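Chains H and F are the protein sequences, given in the same order. Count along the first sequence starting at 1, add 1122, and that's the number in my numbering. Count along the second sequence starting at 1, add 1122, and that's the number in my numbering. Idealized CB from N, CA, C, for every residue including glycine. Small disclaimer: the values here were computed from a predicted structure and weren't measured. Scroll down for the structure; my scribbles are underneath it.
2 protein chains.
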Amino acid sequence: MEKSKAQESRWSIDRSSYVPAYAQLAQILRAQIAAGRFRPGDRLPSESQLCERYGVSPMTVRRAINLLVDQGVVVTEQGRGTFVRPLDLGTVSFGLEELRRLFRDPERTSVRLLEARITSATERIGRKLGVRVGQRTIFIRRLISYDGKPTILHREYLIYDPARPIVEAELEVTALRGLLNGQSLSTLKRGELAIEATVLTEEEARFLESRTGAPAFRLEHVFYDFEDRPVSWGWFICPGDRLRFTAVVGLQGERTTGNERE
Amino acid sequence: MEKSKAQESRWSIDRSSYVPAYAQLAQILRAQIAAGRFRPGDRLPSESQLCERYGVSPMTVRRAINLLVDQGVVVTEQGRGTFVRPLDLGTVSFGLEELRRLFRDPERTSVRLLEARITSATERIGRKLGVRVGQRTIFIRRLISYDGKPTILHREYLIYDPARPIVEAELEVTALRGLLNGQSLSTLKRGELAIEATVLTEEEARFLESRTGAPAFRLEHVFYDFEDRPVSWGWFICPGDRLRFTAVVGLQGERTTGNERE
DNA sequence: AAGTGGTCTAGACCACTAT
DNA sequence: TAGTGGTCTAGACCACTTT
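So, in structure tokens, the structure goes:
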């Protein structure tokens, strides 16, 4: 019957498929765990058993298992076996997908440059950017709107150094979009980010068309160049009702219908 | 000289080391990128070239490259080559390490059960937990302190079902700790989490020894069992000055001194 | 001693991209 | 056509855990 054949394909590897064998095997094991066939703490069949059962080489089994380890689904213990992991909130990670979405669509996103001027570094700016107090820095303020609605306020201090051409490009309003879409300036080596809870100041509320004291996120950032010198320090302010960070943990709804996509 | 030998070992693979060859190769390439030897957008040497250069088999090179791909350092394009990725804020992820730290040390953390009672499901509770309005649910309120300082307030609604023994164990104050340290109840299959910005209510401020209107994080959670039925819905409230979410992006300071640890 | 995961080899074949 | 990454094989050897 068609039914039994479909059933069959869900628990065996289709060598004619474009989906690699290791990915198919990983998906099979994941689905079996999600279905309760293996429960948290249970031991999975040994790798040699999986080789026989699914007719693949040790390296292929190994790669499938490694996939599941990377995804936090199982944990391996040398000499003992491979075990299903229980839920672990400690490994949850929250992404900036929603923030990214704001910038992805150029049609709906607009970045308005509110201010851009040279300023003298205060003690705090000097500490963050690694420059002497009083040294000239560039201060930028931007307002990012989505569908015409002010959503994010951005403040940024940049190193002012004629020898470093980065500042010119950073002034471009498209620089922000690039940062979130992987087309950033190739002069940046790394960054440090932090999310804090805050409330809007009177001025921020005015720009963001919200009210003073409304809850908001503050996303602070410092970027470094390849000489490990700070280049940019700043922060995004976003009202709490216009952004949330979401994450999932554990095995999500396995679509057992077979339409797998990598 | 000793110096040149140390230099040598940094750019070649030490077969006597306990660090696997693929990890050493990945580290070598990462260090070269961090040092500016390869810049964002640059193409890495082809895999066959890397085989010759470092004297390892194709599979080993492949695995090293895959590591870097997983870490977001490079991107591979079939038929073209492997390229160094520029900074990409869109891939940043924030973890709950700081939250986890609060629970890791039983000596310094205490969980006080403020309230635990049966209550009738309101429309909102019913929607979140998938039960009918008026159905009995368990309401729990906990106060988590660190070094005697109230830090997190937790509210949670649990399915009340004598057939599901989970509720008994969930009442234990240690259940929270287990969730954050990977020793959670094995009856939970998955969870959904969201971080929002909020401000403390008058009541929350009293418990947390803060002030009304102070900025705070609200971490909402829903947990599901292996039948995909909601089991728990609740949220943590934490004043913004006692928690921050941090993340790094790009290549962190490569410790080129050689003391690698996996 | 037997079984487990961890690493590695030296090729093979394929799909894709560039020229 | 040549070069690239992508997958896979059928073993080998090792370190570790359990019996």
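- Beta-bridge partners of F/Tyr-1346 (DSSP): F/Arg-1312, F/Pro-1352.
- Closest in C-alpha terms to H/Leu-1172, from the list H/Leu-1221, H/Arg-1159, H/Ala-1186, comes H/Ala-1186.
- As DSSP reads the structure, H/Arg-1234 sits in a beta bridge with H/Leu-1265.
- From the beta-carbon of F/Glu-1220, no residue of chain H is found nearer than 9 Å; the closest lies around 10 Å away.
- Identification of chain H residues near F/Ala-1316 by a Cβ-Cβ cut-off of 8 Å yields Arg-1366, Phe-1367, Thr-1368, Ala-1369, ordered along the chain.
- In terms of CA proximity to F/Arg-1239, F/Tyr-1279 leads the group F/Asp-1269, F/Tyr-1279, F/Arg-1254, F/Arg-1230.
- In the three-state reduction of the DSSP assignment, H/Ser-1179 falls in the coil class.
- Counting only Cβ-Cβ distances below 7 Å, H/Ser-1308 has contacts in chain F at Arg-1161, Pro-1162, Gly-1163, Pro-1208, in chain order.
- For chain H, the residues of the stretch 1326-1343 of chain F that bring a beta carbon within less than 7 Å of one of its beta carbons are Gly-1335, Pro-1337, Ala-1338, Phe-1339, in chain order.
- Between the C-alpha atoms of H/Ala-1369 and H/Ser-1138 there is a straight-line separation of about 35 Å.
- The stretch 1142-1150 of chain H makes contact with the stretch 1174-1183 of chain H: 3 or more CB pairs, one atom from each, lie closer than 8 Å.
- Contact between the stretch 1211-1229 of chain F and the stretch 1238-1253 of chain F is absent: fewer than 3 CB-CB pairs across the two stretches fall below 8 Å.
- Shown here, F/Leu-1147 sits in a helix according to DSSP, grouped into three states.
- F/Glu-1245 has its alpha-carbon roughly 53 Å from the corresponding atom of F/Ala-1148.
- Measuring C-alpha to C-alpha distances from F/Gly-1362 to each of F/Thr-1334, F/Leu-1373, F/Phe-1345 identifies F/Thr-1334 as the nearest.
- H/Asp-1192 and H/Pro-1208 have their alpha carbons spaced roughly 15 Å apart.
- Inclusion of H/Phe-1205 and H/Gly-1270 in the CB contact set at 8 Å is not warranted, their separation being larger than that value.
- In the DSSP assignment, F/Pro-1361 forms a beta bridge with F/Ala-1338.
- Counting C-beta pairs with one atom in each stretch, the stretch 1343-1353 of chain H and the stretch 1250-1265 of chain H have three or more that are closer than 8 Å, which means they touch.
- Among the residues facing chain H, F/Leu-1275 is not included, as its CB has no counterpart in that chain under 8 Å away.
- Excluding its 5 nearest sequence neighbours in each direction, F/His-1276 has C-beta neighbours in its own chain below 6 Å: Arg-1264, Phe-1358, listed in chain order.
- The alpha-carbon separation between F/Leu-1221 and F/Ile-1274 amounts to approximately 10 Å.
- The Cβ atoms of H/Thr-1231 and H/Ile-1266 lie closer than 8 Å to each other.
- Proximity of F/Ser-1215 to chain H, defined by a Cβ-Cβ separation below 8 Å, is satisfied.
- In chain order, Ala-1319, Pro-1337, Gly-1362 make up the part of chain H whose C-beta sits under 9 Å from the C-beta of F/Thr-1320.
- Its Cα nearest to that of H/Leu-1236, the residue H/Leu-1330 stands out among H/Pro-1284, H/Leu-1189, H/Ser-1308, H/Leu-1330.
- In the three-state DSSP reduction, H/Ala-1285 falls in the coil class, being neither helix nor strand.
- Contacts with chain H at 8 Å (Cβ-Cβ) include F/Gly-1313.
- Here F/Pro-1228 is exposed. Its C-beta has fewer than 16 other C-beta atoms within 10 Å.
- Counting only Cβ-Cβ distances below 7 Å, H/Phe-1348 has contacts in chain F at Gly-1158, in chain order.
- Of the residues H/Cys-1360, H/Arg-1223, H/Leu-1166, the one whose Cα lies closest to the Cα of H/Arg-1328 is H/Cys-1360.
- For the stretch 1188-1206 of chain H, residues whose beta-carbon sits nearer than 8 Å to a beta-carbon of chain F comprise Asp-1192.
- Ranked by Cα distance from H/Phe-1367, the options F/Val-1183, F/Leu-1190, F/Ala-1316, F/Thr-1182 are led by F/Ala-1316.
- Per DSSP, the unbroken beta strand (DSSP E) holding F/Ala-1369 starts and ends at 1367-1372.
- For H/Val-1197, DSSP records a beta bridge to H/Phe-1205.
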